[in-house]
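Protein chains in written order, with the working numbering: chain P, 93 to 483; chain S, 2 to 305.
Here is the structure we will look at.
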Amino acid sequence: MSTEHDGERLERKLGRGDFLKLGALTMGSGVLAACGAEGAPEPAAQGTEGQEERPPIEEEPGNLVVFEWAGYEYPAYGGKGGPLQSYVDERGKPKFTFLTSDDQALGRVRAGYRPDIVHPCVDYLGNWVEMGVVQPWDTSLIPSFADLEPALVEGGQFDGQQYFIPADWGFSSPLYRSDMVEPDGEESWALFYDERYKGKISWWDSPLENFVIWGYVNGVDDPWNMSDEELDEARDFLISKKDLCRNFWSSQTDLDADFAAGNVWIAYSWGGSYVAARDAGLDVVYSEPKEGRLGWNCGFVLMEETENFRHAHEFIEAWSSTESAAWIIPNYAYGHANTAVDLTQVPKDLVEVFHLDEPAAREEPRAHYARPVTSADRARYAQRWDEVKAA
Amino acid sequence: MAVEAEQIARPGRVRTYRKPRPWLATTGLLSPPVAWLGIFFLLPVVFIFLYSVNLFAFLPGTQGFTLDGWRGFLDGSPFLDLFWKSIRMSLIVSVASVVAAYPIAYLLALVASKRKYVLLLLILAPFLVSYFLRVLAWKVILGDQGVINTFFYWTGIRAEGDPVSWLLYSQFAVILTLIYVYVPFVALPIFVALESLDRRLLEAAADLGASRWQAFRRITLPLSMPGVIAAFIFVFIPTIGEYFTPLLVGGVNGTMFGNAIADQFGQSLNWLNGSVLSFFLLVVVGLLLAVFARFLTFRRLATG
């Protein structure tokens, strides 16, 4: 039934698009758009060593196609005063097409779709590289690359090469109602397994994270690369605890609604849900668990077959600039990989949510960013998560 | 076709134009739908089967025939249990929808004589609202602070803060929502069956001294059985693979087989397993349809 699928798509889009509303809530987006990009630095597009075989930018077709996350349809994003204005002024407006989930984007490219740039999330990077459709970036063509958060840059490497330029990121942490929930001792992810809150907990429906969390709680060597035995143990544990959950949420809009309706008191959550719950007047804590927060990160991969190699790099330079950061953070309530952004341009509460003034809070061991996993590892995790759900 | 051609070209008739070629018309009329089915249904099914034995693979270069997916699935995997659970839930939904829809169809066809088509439109009116919204509305009704629980607090049946929480995010919620969604749909075939009922039979029954209940049991119900069975199939077949409703109101235990399939093709990126599950569902549904179809024809022959 196609309507059902449309509904699902719409729903996911809303989940992501809701950040827009948040941005607008946190601050008048028009005002921010005005103090946004005022001309990014000129990209060093030509004459880089090792790129002799690439034609100069004038000889490229220039019809850049960006396969972008749904949510970035917001006209200001690709328009005047938006984060990409320096690129748009110089090279014209890229064509945006939209993805609603990483797996959907992979599926579409698998079926033959060939944009120039795609905006997946870093945990799927392994799948992109192994599918053989992407190539490493030439970071010497991206002056702002030096300003990007080192942990995120490192996470964007696969087989020792920079296949991925980090762009937007955020924390993932337990969010709970402080008027209803009393953590047992220190703040911990173990709150997700607390029998006292049976039926009031919501885990995120995602194949990796629930195992990663179990791994951090139980102090395994590498939660992102657990052995089959560890994964089996985690699966059995999660099955034994799954009845504590009201649901496994898959759309942020749904989670926010459940929080507001009092159906859920404890949840895996992104920063946006914290802001939404707080603004809805709920007493909520965005926890800093002793095992460390998780962090999501999405960014850009360059398609192998692109004829717009240099255009693509200029686009990424515009995205990576401090001007772009000053626009993205308040308008989308996302973190931005550029750490050189002037914090006085960013609303205080967002500085606080993303610890923009406290680098240590964004580094190991207080924050564990998502990282690429191989297709085989994703399959090992996903199979067990599917078993948890089916059980 | 040969017979038809002969009938048309009957001797003794004056024929001024070319001998018609009915096979051409038949082929011409049939080929678009057949091509449609072939390209958009049969071919994909073949692809799914090829994926399920890894002759096609999601990652290029990893294909190679294997039955591991099928073996894993049939050898006591949790997905097989999930399948039986889905069948169980679908059965409950189908039977309940038919039972709920029958009186509605009866009322429309046999009691509401003049305004029956207006009423029929009213019953179909919910279809004007998107499926998504209709399911979402149930969340408002069934939630911990929802309509029902608020009523319970107000009447003192439940203490405030002690909601009946199995109303939402449960198998119950999925079954209830599906029944709600399918009742109007199910009422239609039953309505059609009852509409074409020969009223003289009921008059005759009354003349012969049958009570209304007897007339219903011996005449109306048996004659409307084809509609009832068609209605049952209308619900049972699509709900086995139901995906959207459990996703929205199912919680951790209301998951159905369709959700598992979506996950395999989606976030798990396991097209092999996903294809195994899909193809299995397809085969089972196909078999069920074949059985029902036989039964339907048989009933028609027996009653009509």
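Note that beta-carbon positions come from the ideal geometry of N, C-alpha and C, so glycine has one too.
Measuring C-alpha to C-alpha distances from L442 (chain P) to each of P:E325, P:A353, P:Y366, P:Q196 identifies P:Y366 as the nearest. With respect to the 8 Å criterion, N339 (chain P) and G267 (chain S) are not classified as neighbours on the basis of their beta carbons. By the Cβ-count criterion, Q253 (chain P) is exposed, with fewer than 16 other Cβ atoms from all chains shown falling within 10 Å of its own Cβ. In the structure shown, T221 (chain S) falls within a helical segment according to DSSP collapsed to helix, strand and coil. By the 16-neighbour rule on beta-carbons within 10 angstroms, R218 (chain S) is exposed. In this structure, DSSP gives Q437 (chain P) a helical state, which the three-state scheme calls helix.
According to the DSSP assignment, A194 (chain S) belongs to no beta strand (DSSP E) but to the alpha helix (DSSP H) extending over 172 to 196. CA-to-CA, the gap between R202 (chain P) and C390 (chain P) works out to about 20 Å. Contact annotation: in the region 153 to 182 of chain P, no residue has its CB less than 8 Å from a CB in chain S. Taking every protein chain shown into account, the CB of R116 (chain S) has fewer than 16 other CB atoms within 10 angstroms, so this residue is exposed.
Sixteen is the threshold: when 16 or more other Cβ atoms of the shown chains lie within 10 Å of the Cβ of Y308 (chain P), as they do, the residue is buried. Here the alpha carbons of E241 (chain P) and L386 (chain P) stand approximately 16 Å from one another.
Using a Cβ-Cβ cut-off of 7 Å, G39 (chain S) is close to nothing in chain P; its nearest Cβ partner there is about 20 Å away. The straight-line gap separating the alpha-carbon atoms of F152 (chain S) and D145 (chain S) is approximately 11 Å. In terms of Cα proximity to H447 (chain P), the closest of P:L267, P:S294, P:L336, P:W261 is P:W261.
Of all residues in the region 258 to 270 of chain S, only N260, A261, D264, Q265, F266, G267, Q268, S269, L270 come within less than 8 Å of chain P when Cβ atoms are compared, listed by chain position.
Out of S:L290, S:L109, S:F245, the CA that lies nearest to the CA of L123 (chain S) is found in S:L109. In the DSSP assignment, the residues bridged to T189 (chain P) are P:F159. Under the three-state reduction of DSSP output, W24 (chain S) falls in the helix class. About 5 Å separates the beta carbons of V236 (chain S) and S98 (chain S), which is inside the 8 Å limit, making them a contact pair. Nearest in C-alpha terms to S95 (chain S), of all of S:A188, S:L195, S:A160, is S:A188.
Apart from the 5 residues on each side of it in sequence, N274 (chain S) sits with its Cβ closer than 6 Å to the Cβ of G70, Q265 in its chain, given in chain order. Only residues of its own chain outside the window of five on either side were considered, and among them C337, R338, N339, F340, W341, L347, D350, V356, I358, A359, Y360 have a CB closer than 8 Å to the CB of S294 (chain P), listed in chain order.
Within the same chain, and ignoring the five residues on either side of V165 (chain S) in sequence, the residues whose Cβ sits closer than 8 Å to its Cβ are I149, N150, F153, R159. Neighbours of G144 (chain S) in chain P, taken as residues at a C-beta separation under 7 Å, are given in chain order as A353, N355.
Beta bridge pairing from DSSP links V253 (chain S) with no other residue. G363 (chain P) carries a helical assignment under DSSP once its states are collapsed to helix, strand and coil. The residue from S:L282, S:T246, S:S197, S:T28 with its alpha-carbon nearest to that of Y183 (chain S) is S:T246.
A residue is called buried once 16 or more other Cβ atoms fall within 10 Å of its Cβ, and I305 (chain P) is buried on that count.
Considered as a whole, the region 437 to 471 of chain P harbours 459 to 461 as its complete beta strand (DSSP E) runs of no fewer than 3 residues, in chain order. L83 (chain S) reaches chain P at A482, counting residues in chain order whose Cβ is nearer than 8 Å.
Taken through DSSP and simplified to helix, strand or coil, V214 (chain P) comes out as helix. By the criterion of a C-beta distance shorter than 7 Å, A101 (chain S) is surrounded in its chain by I180, V184, once the five residues flanking it on both sides are discounted.
Among the residues facing chain S, D469 (chain P) is not included, as its CB has no counterpart in that chain under 8 Å away.
At least 8 Å separates the CB of L278 (chain S) from every CB of chain P. By the C-beta density criterion, A238 (chain P) is exposed, having fewer than 16 other C-beta atoms within 10 angstroms.
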